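These protein sequence lines are chains A and B, in that order. Heads up: the first sequence runs through residues 2 to 263, numbered per our numbering. Heads up: the second sequence runs through residues 2 to 263, numbered per our numbering. We put the beta carbon where it would ideally sit given N, CA and C, even for glycine. This one's a predicted model, so the numbers in the text were calculated from it and none came from an experiment. To start, the structure itself, in structure tokens.
There are 2 protein chains.
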Amino acid sequence: MMDLLVIKIGGNIVDDKYKLRVFLKNLSKLKCKWVLVHGGGKIATKIAKDMGVESQMIEGRRITSEAMRDVVSMVYGGLINKQLVSDLQSLGKNAIGLSGADGSLINAEKRPVKNIDYGYVGDVESINKEFLKGIIEMGLCPVIAPLSYNPKWGILNTNADTVASEIAKAMAKYFNVSLVYGFEKAGVLRDLNEPNSIIAEINIGNYEELKTQNVIFDGMIPKIDNAFSAVKEGLKAVYICDALQIDLMEQEGARLGTKISL
Amino acid sequence: MMDLLVIKIGGNIVDDKYKLRVFLKNLSKLKCKWVLVHGGGKIATKIAKDMGVESQMIEGRRITSEAMRDVVSMVYGGLINKQLVSDLQSLGKNAIGLSGADGSLINAEKRPVKNIDYGYVGDVESINKEFLKGIIEMGLCPVIAPLSYNPKWGILNTNADTVASEIAKAMAKYFNVSLVYGFEKAGVLRDLNEPNSIIAEINIGNYEELKTQNVIFDGMIPKIDNAFSAVKEGLKAVYICDALQIDLMEQEGARLGTKISL
């Protein structure tokens with residue numbers, strides 16, 4: 002099977018023109034096939050404000066009203082997505098922007114209302130594997146906005162980390178998939194005050210120990226748990242790394258952030 | 002060769018929820034392959050205003066500043082395009098939204114500055130025929146936003162009528178293409194006060210006469226001239242019709258608006 006990278010970048014890169022340029026330049030150096038999933042960034046909040054649409058957050062999650070759904074459709078599916086596609090085209094990569102509705106790529110259920118009504122938020126149900134495989138086999142580089150689709154509710158807002166891991170797991174049927182979470186640090190650090198103390202590898206052998214030693218704690222635990230569950234579903238590895246160093250992936254003798262595998 | 006319809010709808014349909022629903026429902030009844038090109042609508046102007054971006058028009062053409070380019074990227078490429086794709090998916094059509102940057106579909110030159118600087122406006126140079134053919138052959142229904150792409154300037158704003166005719170002419174290499182301009186009337190009328198006075202057919206035989214009789218005049222002349230030039234470049238026919246009646250195209254014994262052919 003051929004290698005495929007599924008790379009997720011967050012708002013901190015999308016919002017920063019310089020970082021974004023470096024990331025895309027390094028991404029375009031890669032020889033292997035890849036899929037890019039992008040997050041939203043602060044620009045959605047700013048545009049919502051300009052339009053008089055209130056940004057409501059409950060427990061760190063965005064509540065997506067109908068008006069806010071329009072904003073994220075525009076900003077994620079239009080502004081950010083088309084900008085990334087255009088930039089990649091100018092770097093010689095034949096990119097294609099996709100949302101969850103395009104080709105019925107990301108089918109979701111609207112999140113059920115329990116204590117909180119999240120509004121137009123989608124929980125991923127299935128990925129149209131054959132469609133995405135076909136796009137990749139045409140030599141195209143998919144750039145995916147974190148929007149899913151439901152036949153009754155239409156476009157739904159979905160967490161970009163989740164979109165990336167669902168896409169990666171679905172593509173494991175056809176490719177040797179590695180999932181890369183690009184963030185602002187060079188990897189998972191042994192000591193937060195030491196930028197060079199990157200943990201090179203987390204596997205089932207050392208994970209419990211790292212938790213006991215309190216090296217991995219708080220918000221990092223669910224992230225690593227998710228990475229393990231993805232690896233168990235057939236991924237080769239998950240990397241947590243500085244997105245700007247993505248070109249290290251194919252550099253002889255280089256290491257890319259923290260590698261999580263079985 | 003297989004039949005292909007390239008259908009253009011304007012802002013008057015995109016802006017009107019009821020008309021849009023009827024159009025999409027009728028479109029989804031068609032058995033032949035089709036490509037939909039959509040215009041912008043008043044919503045771009047409204048959102049620009051909300052965001053404090055000035056809408057400047059010179060001689061009926063929108064001047065596209067950098068800020069306005071962001072607005073049309075969002076509104077055409079995101080909001081309207083994803084809404085259409087989502088609605089078509091819910092009607093059982095496997096739609097995919099595309100801008101000119103996606104798959105390098107619509108390559109354009111930035112309009113040269115002469116008397117007027119139109120800003121980020123693109124004049125179509127070439128269509129990536131093989132890409133669009135590949136998408137159609139995958140069984141997908143392309144929904145195209147009127148945005149073109151240039152490697153130096155990025156996303157450019159382009160007239161939707163022009164996008165539709167360039168796409169139609171390019172696809173004539175592989176398909177029996179008919180181009181449909183959907184507008185608010187049932188066809189070209191012999192008498193503007195008589196909605197039923199549709200001219201069924203305009204061809205080289207009767208065109209001069211219709212112009213001499215002042216039946217076709219003013220703004221309609223360049224439209225018909227463009228239609229003839231498209232037909233000369235290999236299209237089967239151009240239809241000017243009520244978009245809401247698109248299903249008449251495949252109805253036994255029915256006639257769709259005004260047909261322009263050689």
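(message) Below 8 Å on C-beta distance, what does B/Q90 contact in chain A?
(response) Translated into the one-based positions of the second sequence, residue 90 of chain B becomes position 89. Ordered by position in chain A, the residues that pass the 8 Å Cβ test against B/Q90 are A102, S105, Y150 and P152.
(message) To the nearest angstrom, how far is the alpha carbon of B/I168 from that of B/I97?
(response) Taking the first residue of the second sequence as position 1, residue 168 of chain B is located at position 167. Taking the first residue of the second sequence as position 1, residue 97 of chain B is located at position 96. Taking the straight line joining both Cα atoms gives about 16 Å.
(request) Just the chain A side, please: which residues come within less than 7 Å of B/N95 by C-beta, in chain order? (result) Here residue 95 of chain B refers to the residue found at position 94 of the second sequence. Simply G104 and S105.
(request) May I ask you to check if the CB of B/I261 is nearer than 7 Å to at least one heavy atom of the ligand FMN? (result) This structure simply doesn't include the ligand FMN, nor any ligand for that matter.
(message) Between the alpha carbons of A/S74 and A/A187, how many angstroms are there, rounded?
(response) On the first sequence, position 73 is the one that residue 74 of chain A refers to. On the first sequence, position 186 is the one that residue 187 of chain A refers to. So the two alpha carbons sit approximately 31 Å from each other.
(message) Do A/V164 and A/V125 have their beta-carbon atoms positioned less than 8 Å apart in this structure?
(response) Translated into the one-based positions of the first sequence, residue 125 of chain A becomes position 124. Translated into the one-based positions of the first sequence, residue 164 of chain A becomes position 163. Closer than 8 Å, so yes.
(request) Report buried or exposed for A/K170, applying the criterion of at least 16 other Cβ atoms within 10 angstroms of its Cβ. (result) On the first sequence, position 169 is the one that residue 170 of chain A refers to. Its Cβ being crowded by 16 or more others within 10 Å, A/K170 is buried.
(message) Comparing C-alpha positions only, which one of B/V15, B/I10, B/V23 and B/C33 sits nearest to B/D4?
(response) By one-based count along the second sequence, residue 4 of chain B stands at place 3. It is B/C33 whose Cα lies nearest to the Cα of B/D4.
(message) On the DSSP letters alone, give me the boundaries of the beta strand (DSSP E) that A/N108 sits inside.
(response) Taking the first sequence and counting its residues from 1, one reaches residue 108 of chain A at position 107. Looking at the DSSP string, the run of the beta strand (DSSP E) that includes A/N108 is I107 to K111.
(message) Counting only C-beta atoms, is A/L141 closer than 8 Å to chain B at any point?
(response) For the purposes of this step, residue 141 of chain A is taken as residue 140 along the first sequence, with counting starting at 1. Interface residue, yes.
(request) Go to A/G135, then tell me how far its alpha helix (DSSP H) extends in each direction, as first and last residue. (result) Residue numbering aside, residue 135 of chain A sits at position 134 when the first sequence is read from its first letter. That run of the alpha helix (DSSP H) goes K130 to E138.
(request) Hey, could you find the ends of the alpha helix (DSSP H) A/T213 is sitting in? (result) For this step, residue 213 of chain A is matched to residue 212 along the first sequence. Its alpha helix (DSSP H) spans residues I205 to T213.
(request) Using DSSP bridges, identify the partner residues of A/R70. (result) One-based indexing of the first sequence puts residue 70 of chain A at position 69. The partner list for A/R70 (beta bridge, DSSP) is empty, contrary to what the question assumes.
(message) Under 7 Å, CB to CB, which of the residues in the stretch 55-76 of chain A have a partner in chain B?
(response) D71, S74, M75 and V76
(request) With DSSP as the reference, label A/M52 as helix, strand or coil. (result) Counting from 1 along the first sequence, the entry for residue 52 of chain A is found at position 51. Coil, per DSSP.
(message) Taking the alpha-carbon of A/G104 as reference, which of A/K134, A/L245, A/G42 and A/L21 has the nearest alpha-carbon?
(response) The residue labelled residue 104 of chain A in the question sits at position 103 within the first sequence. Here the closest residue by C-alpha is A/K134.
(message) Using a 10 Å radius around the Cβ and a threshold of 16 neighbouring Cβ atoms, would you call A/F218 buried or exposed?
(response) Position 217 of the first sequence, counted from the first residue, corresponds to residue 218 of chain A. Answer is exposed; the Cβ neighbour count stays below 16.
(request) Name, please, each residue of chain A whose Cβ falls closer than 8 Å to the Cβ of B/M52. (result) Numbered from 1 along the second sequence, position 51 holds the residue referred to as residue 52 of chain B. Within chain A, the residues near B/M52 are I48, D51 and M52.
(message) Please report whether the beta-carbon of A/S29 lies at a distance below 8 Å from any beta-carbon of chain B.
(response) Locating residue 29 of chain A in the first sequence gives position 28, counting from the first residue. Taking Cβ atoms only, chain B never reaches closer than 8 Å to A/S29, which makes this a no.
(request) For the alpha helix (DSSP H) containing A/M172, list its first residue and its last residue. (result) Taking the first sequence and counting its residues from 1, the one referred to as residue 172 of chain A is at position 171. A161 to M172 is the span of the alpha helix (DSSP H), which, as asked, contains A/M172.
(message) Any contact between the stretch 106-114 of chain B and the stretch 41-61 of chain B? By contact I mean 3 or more CB pairs, one from each, below 8 Å.
(response) no
(request) In the DSSP assignment, find the beta strand (DSSP E) that holds A/M58 and state where it starts and stops. (result) If you number the first sequence from 1, residue 58 of chain A lands on position 57. Note, A/M58: beta strand (DSSP E), Q57 to I59.
(request) Mark A/T259 as exposed unless 16 or more other C-beta atoms lie within 10 angstroms of its C-beta, in which case mark it buried. (result) Here residue 259 of chain A refers to the residue found at position 258 of the first sequence. Buried is the call here.
(message) I'd like the span of the beta strand (DSSP E) that includes B/F176, first residue to last.
(response) Here residue 176 of chain B corresponds to residue number 175 of the second sequence, with the count starting at 1. Careful: B/F176 lies outside any beta strand (DSSP E) and carries neither H nor E.
(message) If you reduce the DSSP assignment to three classes, tell me which class A/E251 lands in.
(response) By 1-based counting over the first sequence, the position of residue 251 of chain A is 250. Helix at A/E251.
(request) Would you list the residues sitting across from A/P289 in a DSSP beta bridge? (result) Absent from the model: residue 289 of chain A. The displayed extent of chain A is 2 to 263, so no value can be given.
(message) Can you tell me where the alpha helix (DSSP H) holding B/D226 begins and where it ends?
(response) Within the second sequence, the letter at position 225 stands for residue 226 of chain B. Looking at the DSSP string, the run of the alpha helix (DSSP H) that includes B/D226 is M221 to K233.
(request) Starting from the beta carbon of A/S87, find every residue of chain B whose beta carbon is closer than 8 Å, and list them in chain order. (result) If you number the first sequence from 1, residue 87 of chain A lands on position 86. A102, Y150, G155 and I156, listed in chain order.
(request) Give the range of the beta strand (DSSP E) segment to which B/K260 is assigned. (result) The residue given as residue 260 of chain B occupies position 259 in the second sequence. Run containing B/K260: T259 to I261, per the beta strand (DSSP E) assignment.
(request) Tell me, please, whether the stretch 189-209 of chain A touches the stretch 8-22 of chain B by the rule of three or more beta-carbon pairs shorter than 8 Å. (result) no
(message) Tell me the rounded alpha-carbon separation between A/G40 and A/D16.
(response) Here residue 40 of chain A corresponds to residue number 39 of the first sequence, with the count starting at 1. Here residue 16 of chain A corresponds to residue number 15 of the first sequence, with the count starting at 1. Using only the alpha carbons, I get a separation of about 10 Å.
(message) Would A/L37 pass as an interface residue toward chain B - the criterion being a Cβ-Cβ separation below 8 Å?
(response) Here the question's residue 37 of chain A lines up with position 36 in the first sequence. Output row for A/L37: interface = no.
(request) Kindly indicate which residue of B/S29, B/N177 and B/E251 has the alpha-carbon position closest to the one of B/M2. (result) To locate residue 2 of chain B, count along the second sequence from 1; it is residue 1. Comparing Cα positions, the closest option is B/N177.
(request) Would you kindly work out how many angstroms separate the C-alpha atoms of A/L148 and B/S91, rounded to a whole number? (result) Here residue 148 of chain A refers to the residue found at position 147 of the first sequence. Here residue 91 of chain B refers to the residue found at position 90 of the second sequence. So the alpha carbons of these two residues sit roughly 16 Å apart.
(request) Quick one: list the residues of chain B neighbouring A/K174, beta-carbon separation under 8 Å, in chain order. (result) On the first sequence, position 173 is the one that residue 174 of chain A refers to. The contacting residues do not exist; A/K174 stays about 18 Å from chain B at best.
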